[in-house]
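J.: Be aware that the sequence shown starts at 1, since it is given in full-length UniProt numbering, and climbs by one per residue. Every residue, glycine too, gets a C-beta built ideally from N, C-alpha and C. Remember, it's a predicted structure, so these values are computed and weren't measured experimentally.
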Amino acid sequence: MGSSSLAISPRKLRSDVYSYSYENDSNTPLVISVLASLIERTMTRNERITKNSTWAVLSTKDAKTRVFDCHEIPDMTIQSYLERIFRYTRAGPSVYVVAYVYIDRFCQANPGFRINARNVHRLLITTIMVASKYVEDIRNYRNSYFARVGGLGTKELNKLEMDFLFLMGFKLHVNVSVFESYCCHLEREVSIGGGYHIEKTLRCAEAQSETDWSPAGATWYGPANGAGSDGGACGYKDAVERAPFSSMVSAGGPSLFKSGKGCGACYEVKCTKNANAKCSENPVSVVITDECPGGPCASDSVHFDLSGAAFGAMATSGQSDQLRNAGVLQIQYRRVECNYPGMKVVFSVDSGSNPNYFAVLIEFEDGDGDLSGVDLQQAPQTNTWLPMRQSWGAVWKLDAGSTLTAPFSLRLTAAESGKTIIANNVIPAGWQAGQTYRSLVNFDV
């Protein structure tokens with residue numbers, strides 16, 4: 001691509017996403033070039049897979065994705081097509097990040113779908129139009145205008161929009177945590193080697209388990225076979241040593257800890273024999289329970305400061321101490337669903353809570369593991385949900401300014417999926433500060 005020779009940086013990419021101005025910036029925002037490169041890399045991989053694979057018959061649902069196929073392959077490059085959309089619709093850079101989220105969700109919902117030269121243009125104009133409606137006020141640009149920009153008829157684009165929404169299950173909500181995680185991924189695409197070296201493609205490819213890994217740095221801290229620290233910056237205290245955490249935990253650098261919003265998120269990590277001969281190359285599951293604010297944690301775009309137990313678990317049998325002696329490793333990681341079999345969400349009331357101020361530590365959420373929102377409802381006779389704020393780590397608080405009436409129900413919103421659950425009356429009348437209360441609910445996995 002012609003623009004891939006631009007001198008770019010993760011910092012410039014993020015600056016464009018958050019502060020790009022049509023009046024003050026004459027260049028096309030960098031997110032367009034990075035997204036174009038990522039998509040082209042995905043298409044190249046899919047072409048290689050197609051040549052080496054015997055495709056199964058598509059399911060009825062996957063066959064519906066053929067609606068995005070063009071009768072003839074357009075001769076416009078992805079870069080040029082995205083630049084055209086940007087030039088004529090003036091959709092801001094954040095729209096393209098949200099479109100990236102939507103394409104990834106679409107691919108997850110339709111595992112038989114693969115981005116290729118025949119379907120990519122129609123998919124892009126559809127997702128960018130839908131993302132524009134979600135992010136911006138586009139009263140001046142109707143579907144008919146996007147259709148002209150994209151080279152389609154209005155009725156055709158209307159149908160593509162509806163098909164897209166149904167095929168992705170109308171999962172349009174993108175909260176701040178999800179937006180940030182996809183921005184961080186695009187930043188990593190830029191930072192590796194100083195250019196567009198895409199290490200992780202979209203999930204529209206065969207053998208996802210082999211392509212879904214990204215690079216990170218890793219160190220370890222605390223006792224050699226221990227849990228790092230006693231609880232750390234998330235507030236889990238000595239629970240990190242016991243099941244279900246069982247010392248398989250990690251402190252996260254800024255991109256993982258996310259000022260505490262990343263507490264509870266689950267990852268798989270592994271090291272390869274290219275990094276160290278003692279590595280087993282088997283994935284190890286860890287939970288973010290602490291913060292690693294300095295040193296390589298701050299300088300690496302992604303860094304895990306693992307517990308001694310978790311770091312050693314990446315080694316071949318009997319070689320844990322030798323691997324820990326390495327101190328620092330380059331590893332691979334991926335986000336995974338948390339799964340605590342038989343566990344329900346647990347609420348530990350903060351010792352500083354009182355009738356006018358309620359704070360609670362929340363643990364053992366299945367699925368995303370981390371939360372974007374918590375709301376409190378007072379005694380059953382009220383129907384109002386009061387938004388709580390993150391206090392620190394995995395502790396959420398509500399400073400009501402007046403007496404709160406128990407029992408309390410708590411509504412949790414998962415950070416990445418946006419799913420919600422309600423723990424009805426989980427905090428009883430007569431609750432006490434410092435006590436732990438177990439709910440009857442958890443997120444589906």
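Go to residue 218, then tell me how far its beta strand (DSSP E) extends in each direction, as first and last residue.
T.: Taken as a continuous stretch (DSSP letters only), the beta strand (DSSP E) holding residue 218 covers 214–221.
J.: Evaluate residue 389 with the Cβ neighbour count: other Cβ atoms within 10 Å of its Cβ, from every protein chain shown; 16 or more gives buried, anything less gives exposed.
T.: Exposed, by the Cβ-count rule.
J.: With 16 as the cutoff for other CB atoms within 10 Å, does residue 439 come out buried or exposed?
T.: Residue 439 is buried by the Cβ-count criterion.
J.: How far does the beta strand (DSSP E) with residue 243 in it reach, from first residue to last?
T.: That residue, residue 243, is in no beta strand (DSSP E); it is neither H nor E in DSSP.
J.: Spell out a yes or no on whether the stretch 418–427 and the stretch 386–404 are touching, meaning 3 or more CB-CB pairs, one atom from each, closer than 8 Å.
T.: Too few Cβ pairs lie closer than 8 Å, so no.
J.: Can you grab the Cα-Cα spacing for the pair residue 366 / residue 415, in whole Å?
T.: About 12 Å.
J.: Just to confirm the assignment: which complete alpha helix (DSSP H) runs, minimum length 4, are found wholly within the stretch 82–130?
T.: Here the runs fully enclosed are 93–109.
J.: Between the beta-carbon of residue 368 and the beta-carbon of residue 417, is there less than 8 Å?
T.: Taking 8 Å as the Cβ cut-off, residue 368 and residue 417 qualify as a contacting pair.
J.: May I ask which residues mark the beginning and end of the alpha helix (DSSP H) holding residue 323?
T.: It spans 320–326 - the alpha helix (DSSP H) in which residue 323 sits, taken as one unbroken run.
J.: What's the call for residue 446, buried or exposed, on a 16-neighbour Cβ count within 10 Å?
T.: Any property of residue 446 remains undetermined from this structure, which presents the chain solely from 1 to 445.
J.: Would you mind reading off the limits of the alpha helix (DSSP H) that contains residue 160?
T.: Where residue 160 is concerned, the enclosing alpha helix (DSSP H) stretches over 154–167.
J.: So, at 8 Å on beta carbons, what are the nonlocal neighbours of residue 402 in its own chain, with the 5 sequence-adjacent residues on each side left out?
T.: For residue 402, where only same-chain residues beyond five positions count, the Cβ hits under 8 Å are 356.
J.: Verify whether the separation of the beta carbon atoms of residue 370 and residue 294 is less than 8 Å.
T.: Going by C-beta atoms, residue 370 is not nearer than 8 Å to residue 294.
J.: Comparing C-alpha positions only, which one of 46, 86 and 218 sits nearest to residue 299?
T.: It is 218 whose Cα lies nearest to the Cα of residue 299.
J.: Look up residue 420 in the DSSP assignment and say whether it is helix, strand or coil.
T.: Three-state result, residue 420: strand.
J.: Measure the CB-CB distance between residue 259 and residue 227 and report whether it falls below 8 Å.
T.: No, the pair does not count as a contact, with Cβ atoms beyond the cut-off.
J.: Could you check what DSSP says for residue 460 in three-state terms: helix, strand or coil?
T.: Shown here, the chain extends from 1 to 445; a query on residue 460 therefore has no answer.
J.: Would DSSP call residue 133 helix, strand or coil?
T.: It is helical.
J.: Inspect the beta-carbon positions of residue 349 and residue 433 and report whether they are closer than 8 Å.
T.: Against a cut-off of 8 Å, the Cβ pair of residue 433 and residue 349 comes out as a contact.
J.: How is residue 32 classed by DSSP in three states: helix, strand or coil?
T.: Looking at residue 32 - three-state DSSP - the assignment turns out to be helix.
J.: Taking DSSP's pairing of strands, which residues face residue 427 in a bridge?
T.: Its beta-bridge partners are 408.
J.: State yes or no: is the C-beta of residue 88 within less than 8 Å of the C-beta of residue 121?
T.: Against a cut-off of 8 Å, the Cβ pair of residue 121 and residue 88 comes out as no contact.
J.: If we count the other Cβ atoms within 10 Å of its Cβ and call it buried at 16 or more, is residue 444 buried or exposed?
T.: Exposed, because fewer than 16 other Cβ atoms sit within 10 Å of the Cβ of residue 444.
J.: What do you get for residue 10, buried or exposed, if any count of 16 or more other CB atoms within 10 angstroms of its CB means buried?
T.: Only weak support is given to the placement of residue 10: the predicted model assigns it a pLDDT of 47, under 50, and the value that follows is read from those uncertain coordinates. So residue 10 counts as buried.
J.: Please report how far the alpha carbon of residue 240 lies from the alpha carbon of residue 292, in whole angstroms.
T.: When rounded, the distance between both Cα atoms is 16 Å.
J.: Taking the CB atoms as reference points, tell me whether residue 249 and residue 284 lie closer together than 8 Å.
T.: Cβ distance not < 8 Å, so residue 249 and residue 284 don't count as in contact.
J.: Could you spell out the range, first to last residue, of the alpha helix (DSSP H) harbouring residue 256?
T.: Here the alpha helix (DSSP H) through residue 256 covers 254–257.
J.: To the nearest angstrom, report how far apart residue 85 and residue 28 are at their CA atoms.
T.: Going by the C-alpha atoms only, they are around 11 Å apart.
J.: Assign residue 235 to one of three DSSP states: helix, strand, or coil.
T.: Residue 235 falls in the coil class under three-state DSSP.
J.: Starting from the C-beta of residue 154, find all residues in its chain whose C-beta is less than 7 Å away, skip the five residues before and the five after it, and write them out in chain order.
T.: Correct list, in chain order: 143, 144 and 147.
J.: Can you list, in chain order, the residues of its chain with a C-beta nearer than 7 Å to that of residue 57? Leave out the 5 residues immediately preceding and following it.
T.: With a pLDDT of only 44 at residue 57, under the threshold of 50, the placement of this residue in the model should not be trusted; the figure read from the coordinates follows. Within the same chain, residue 57 has no close Cβ partners at all.
J.: I'd like to know whether the C-beta atoms of residue 345 and residue 364 end up nearer to each other than 8 Å.
T.: Yes, the Cβ-Cβ distance between residue 345 and residue 364 is below 8 Å.
J.: Counting only the same chain and skipping the five closest in sequence on each side, list residues whose C-beta sits under 7 Å from that of residue 329.
T.: Around residue 329: 218, 271, 275 and 276.
J.: Answer yes or no: do residue 235 and residue 303 have a C-beta to C-beta separation smaller than 8 Å?
T.: Contact: no.
J.: In whole angstroms, give me the CA-to-CA distance for residue 79 and residue 36.
T.: Taking the straight line from one Cα to the other gives about 5 Å.
J.: Between the C-alpha atoms of residue 47 and residue 311, what's the straight-line distance to the nearest angstrom?
T.: Residue 47 and residue 311: Cα-Cα distance of roughly 37 Å.
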